[in-house]
């Protein structure tokens, strides 16, 4: 009797989690596993310091190159220009906020790989935020948060689906993982009329609510075509080495709510118009 | 050390080894996944009654599940082997001798042959059920079969290595102890 009860309870938890990424006591458990993972990760850090340092240096280098002081500005002060624009077109607004975080636990061996980060809802992390590594390449997205830690579904998760595009042509498709090799993911839904070559860069598309556009995902490693659908089935070598992720950025789309609301409202409006006819 | 303290300590070690060593190893192949933590359930004392066995199995599985973010997956498999364990033991060894002489299953308590059969049956059960639950959500039937065989193979290898490397001191249960 107790056997049946415990079985039913575990299966209920499992299937509920697979659909919604929520389970009983997960918040508390996350805090505990998070603390332990943080301690183990401190030790683990020593083995990757050289590589991480190199990456950081490289990133600093690319940022320093963007500094204003590297560019001489043409002297335009002698010219009288009448600004006729009513709207200040130079004013910018912020769409994405980047927050740094540290990976405390990570696997690549399972079919459903998650990462645990040392930042949670206290730091403003929420579900569905994008996670990029220290080079700015895509790692995954947040699926669950507790006050101090958050869980990230990595690209190496059979339920993961990310909108991606070819950088050269801008054609968008869906990025998924077949659960086999942690070095490669699959890009589906690119029409055969598009010219694709091995080595082409794949980036995040403009159409994602979660991911900032034009962030590196990987490069095309092999091209096959899916005979059933008339689309390409592209094998993508990921830019991120999932074995050694240490520092990541969690990116929040500040307009996500508005975008989703607009989509919902539009659907409702169309639905009502249909009924009205 | 009392049985309780010893087993809490053991559970901790098994979970830590599984989560921080075996799950982090670069995989030989995607089918060959080393799983060892359930040896904890195999090593539990003979004297435990069925209900506490089931509960301990459930807690063991769930602890690992919270680390690997698969709530319920290992718990279900552990409850299954915790349930089957007493039947296997009662078939493999005559009740009146060994159960009174030794505290827990080990090659020395049961003899290598019966102990191997005991480990083999529970390993196959555990992995079949675990892989079945994963397979229900993803993968092909061939994947399922190969994965059961390969994970069973690597687990058995690990278990026998552990048994040879860390022979447990098995005390006779006497009236004075």
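Protein chains in written order, with this note's numbering: chain R, -13 to 263; chain V, 484 to 660.
Yeah, the Cβ is synthetic: ideal placement off N, Cα and C, and Gly gets one too.
For residue 195 of chain R, the three-state secondary structure derived from DSSP is coil. The region 30 to 46 of chain R makes no contact with the region 95 to 114 of chain R, as fewer than three CB pairs between them are under 8 Å.
Counted as a single uninterrupted DSSP element, the stretch harbouring residue 132 of chain R is not any beta strand (DSSP E), since DSSP gives it neither H nor E. For residue 502 of chain V, the CB contacts under 6 Å within the same chain, skipping 5 residues up- and downstream, are 550 in chain order. For residue 501 of chain V, the secondary structure class from DSSP, reduced to helix, strand or coil, is helix.
By the CB criterion at 8 Å, residue 516 of chain V and residue 95 of chain R fall inside the cutoff. Here residue 493 of chain V carries a helix assignment [DSSP, helix/strand/coil]. Close partners of residue 513 of chain V in chain R (Cβ separation under 9 Å): 95, 97, 165, 166, 167, 168. At the C-beta level, residue -7 of chain R and residue 500 of chain V stay beyond 8 Å of one another. Sequence-distant Cβ neighbours of residue 627 of chain V in its own chain, meaning closer than 8 Å and more than five residues away, are 614, 615, 618.
By a beta-carbon distance limit of 8 Å, residue 202 of chain R does not contact residue 184 of chain R. Their separation comes to about 17 Å. At least 8 Å separates the CB of residue 601 of chain V from every CB of chain R. The beta-carbon distance between residue 226 of chain R and residue 128 of chain R, rounded to whole angstroms, is 16 Å. This is too long to meet the 8 Å contact definition. At least one CB of chain V lies nearer than 8 Å to the CB of residue -7 of chain R.
The C-beta separation of residue 116 of chain R from residue 198 of chain R comes to about 7 Å, placing the pair in contact by the 8 Å criterion.
Here residue 155 of chain R is actually not in contact with residue 131 of chain R; their C-beta atoms are around 36 Å apart, not less than 8 Å.
DSSP places residue 262 of chain R in the helix class (H, G or I) of the three-state scheme.
Under the three-state reduction of DSSP output, residue 636 of chain V falls in the helix class.
The beta carbon of residue 235 of chain R is closer than 8 Å to those of 84, 85, 86, 87, 117, 118, 119, 120, 122 in its chain, skipping five residues each way along the sequence. Taking 8 Å as the CB threshold, residue 161 of chain R stays off the interface with chain V. Residue environment: residue 171 of chain R is assigned as buried (16 or more neighbouring CB atoms within 10 Å of its CB, all protein chains considered).
The region 19 to 33 of chain R and the region 563 to 570 of chain V do not touch, with fewer than 3 CB-CB distances between them shorter than 8 Å.
Cβ-Cβ distances below 7 Å link residue 9 of chain R to -1, 2, 3 in the same chain, with the five nearest sequence neighbours on each side left out; the list follows chain order. Scanning its chain for C-beta atoms nearer than 8 Å, with the 5 sequence neighbours on each side dropped, one finds around residue 486 of chain V the residues 528, 586, in chain order.
With respect to chain R, the C-beta atom of residue 569 of chain V has no partner C-beta closer than 8 Å. Sixteen is the threshold: since fewer than 16 other Cβ atoms of the shown chains lie within 10 Å of the Cβ of residue -10 of chain R, the residue is exposed.
In this structure, residue 505 of chain V lies near residue 519 of chain V, with their beta-carbon atoms less than 8 Å apart. Interface criterion met: the Cβ of residue 621 of chain V is under 8 Å from a Cβ in chain R. For the region 550 to 574 of chain V, the set of positions with a beta-carbon nearer than 8 Å to some beta-carbon of chain R reads 550, 551, 552, 553, 554, 555, 556, 558, 559, 562, 563, 566 in chain order. Judged by pairs of C-beta atoms under 8 Å, the region 598 to 612 of chain V does not touch the region 239 to 257 of chain R, as fewer than three such pairs exist. For residue 620 of chain V, the enclosing alpha helix (DSSP H) has its first and last residue at 595 to 620. Restricting attention to beta strand (DSSP E) runs no shorter than 3 residues, the region 206 to 249 of chain R encloses them at 217 to 224, 233 to 239, ordered along the chain. For the 8 Å CB-CB criterion, residue 161 of chain R and residue 173 of chain R form a contact. Within chain R, no residue has its beta carbon less than 8 Å from that of residue 496 of chain V; the closest one is some 13 Å off. One alpha carbon belongs to residue 150 of chain R, the other to residue 594 of chain V, and they sit about 59 Å apart. The beta-carbon of residue 103 of chain R is placed no less than 8 Å from the nearest beta-carbon of chain V.
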